[in-house]
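Counting from 1 along the sequence shown, just add 368 to a position and that's the residue number in our numbering.
Okay, so here's the structure we're looking at.
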Amino acid sequence: MKLDFDVVIVGAGFAGMTAAIYLKRANVNVVMIENNAPGGQANKTNIIENYPGFESIDGPTLAYNLFMQTQKLKVPYKYGNVIDIEDKNDYKIIKTDKEEIKCKCVIIATGRKSKELGLENETSLTGRGVSWCAICDGPLYKNKTVAVVGGGNSSLEESIYLSEMCSKVILIHRRDEFRAESILVDKVLQNPKIEIKHNNVITALNEFEDKLDSVDIKNTIDGSKEDVKVSALFIFIGNYPVVDMLKNTKVKTMDGYILIDRNMRTNVKGIYACGDVISKEVYQMSTAAGEGTIAALSAIKDLK
Ligand SMILES: Cc1cc2nc3c(=O)[nH]c(=O)nc-3n(C[C@H](O)[C@H](O)[C@H](O)COP(=O)(O)OP(=O)(O)OC[C@H]3O[C@@H](n4cnc5c(N)ncnc54)[C@H](O)[C@@H]3O)c2cc1C
C-alpha cells in the first residue's frame, strides 16, 4: 500500500500549525488541509494580550507569522474541506471535497465554531447587521451604536475593541455576572462607551430596509421588555466543536468534543486530536499550541 503522507493534519489553526512545525522538523512526511484561512479563530481576534512572548499583538498578524513559519519549513499546505475519514486500521483515507488522501495517521485540529442565537431571521441578517467577527465587520459600524451579546472573555474583549470605533456598545448578558477574566471585566466596567444590560436575553431581531435595525430584549428577572436600536449585533455566546468528518469512525466524544488521553491520542489507533476540538477545561491559543506539540510528538513516537 503506497501512502500519500505519513500524517495528515486537518485544520490549520494554532493547534494544527504547531503540530505541523514539530512533525516537519522531525522529517515526517506531513500535510496540512484547511478549508478557510490558516490561523482559524485567531483571524477573528483583535488584540491578544495573553499569548506568551507577545505583550500585545493582533490575531491575524500572529496567525500569519505562524503560517509563514510553517511555509519556511516547507510544510505542504492544501486548501480543502475534509468531509470524511475512513479508518482502515493500519492506514486512513482522508476524503476532501476534491480528493482522497491515504495516510498512516491523522491529527484532528478542526477547532470550534460560534453558536447562533437561534432567532428566526438570524441567518438572513448575517452580513447585514448580524456578525460573529468584530475584527472583520466592526469597521463597517464606525460611529454607530452596536450591541454585543455574551458574557465570556470573547464578548468582553470584542466589546472593548468595538468601543474604539463605535459611538456606543450595548453589552447584553443573560446573567447578573460575567464569567470572563476579572482584568477584562474591570476594563469593561471602566469603559464609558460600554453600557451593560445584565439579566437580559434577545428575543427578536428587527429589520428595516433589509438591515438589522433593533433588537428586542427581555429582562429575565422582572420580565420587562425593551426595543434597543442598534446598527449591528455581534454574537459571542459560545462555541461547538467541528467533528462532522469523524462520523464514520469510532472516535469517542463527549458533548461533541473529542476524548483524548494525556498524549492527545483518541481511542482509535492513528487518530490524534488537539486544540479547541478536544474535551478539556481551557480553550486558548497557548493551550491549543501546547496540545498540537504533544499530538505531533505522539504521532512521531507511534510512527517509529
Ligand atoms: C473572538 C475570539 C477571541 C479570542 N481571544 C483569545 C485570546 O485573547 N487569547 C487566547 O489565547 N485565545 C483566544 N480565543 C480562543 C482561541 O482563538 C482558540 O482557543 C484557538 O485559536 C483554537 O485554536 P485551534 O487550532 O484549536 O482551532 P481553530 O482556531 O478553530 O482552528 C481550526 C481550523 O480548522 C479548520 N477546519 C475546520 N473544519 C475543517 C475541515 N472539515 N476541513 C479542513 N479544515 C477545517 C478551520 O477552518 C480552522 O482554521 C479567542 C477566540 C475568539 C473566537
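Ideal Cβ positions, reconstructed from N, Cα and C, are used throughout, including at glycine.
query	result
According to DSSP, simplified to helix, strand and coil, what is Pro609?	strand
For Gln439, count the other beta carbons within 10 Å of its own beta carbon; 16 or more makes it buried, fewer makes it exposed. Which is it?	exposed
Since Ala502 is in the beta strand (DSSP E), which residue starts that stretch and which ends it?	First-last for Ala502: 502-505, but that is the alpha helix (DSSP H), not the beta strand (DSSP E).
Quick check on the DSSP output: the alpha helix (DSSP H) that includes Phe435 runs from which residue to which?	427-440
Between the C-alpha atoms of Glu417 and Asn521, what's the straight-line distance to the nearest angstrom?	12 Å
If we count Cβ pairs, one from each stretch, closer than 8 Å, do we get three or more for the stretch 467-480 versus the stretch 630-640?	yes
Considering only heavy atoms of ligand 1, does any lie closer than 7 Å to the CB of Thr661?	no
Would the stretch 433-451 and the stretch 387-401 be scored as touching if the rule is three or more Cβ pairs under 8 Å?	yes
Under 8 Å, do Asp505 and Ala600 count as touching if we go by C-beta distance?	yes
Which residue from Met613, Lys648, Val610, Thr617 puts its Cα closest to that of Leu627?	Lys648
Which residues bound the alpha helix (DSSP H) around Met653?	653-671
Short check: CB of Ile605 to CB of Gly518, under 8 Å?	yes
Just to confirm the assignment, what range does the alpha helix (DSSP H) spanning Thr386 have?	382-393
Since Val556 is in the alpha helix (DSSP H), which residue starts that stretch and which ends it?	550-557
Leaving out five residues before and five after Glu468 in sequence, what residues of the same chain have Cβ atoms less than 6 Å from its Cβ?	Ile461
Does the stretch 656-669 come within contact of the stretch 381-394, defined as at least 3 CB pairs closer than 8 Å?	yes
Just the Cα atoms here: how many angstroms apart are Leu557 and Lys536?	14 Å
Is the stretch 530-544 in contact with the stretch 561-580, if contact means three or more CB pairs nearer than 8 Å?	yes
If I measure Cβ to Cβ from Ile415 and keep anything under 7 Å in the same chain, skipping five residues before and after, which residues do I get?	Ser424, Asp426, Tyr529
Cβ of Ser531 within 7 Å of any heavy atom in ligand 1?	no
What's the gap between the Cα of Pro507 and the Cα of Leu671?	48 Å
Using the three-state DSSP reduction, which class does Val583 fall into: helix, strand or coil?	strand
Would you call the CB atoms of Val645 and Tyr625 closer than 8 Å?	yes
Taking only runs that begin and end inside the stretch 438-463, name each unbroken beta strand (DSSP E) of 3 or more residues, in chain order.	445-447, 450-455
Out of curiosity, what's the CA-to-CA distance linking Met385 and Phe435?	7 Å
Return yes when at least one heavy atom of ligand 1 lies under 7 Å from the C-beta of Gln439, else no.	no
On a Cα-Cα basis, can you pick out the residue from Tyr459, Thr588, Arg393 that is closest to Asp374?	Tyr459
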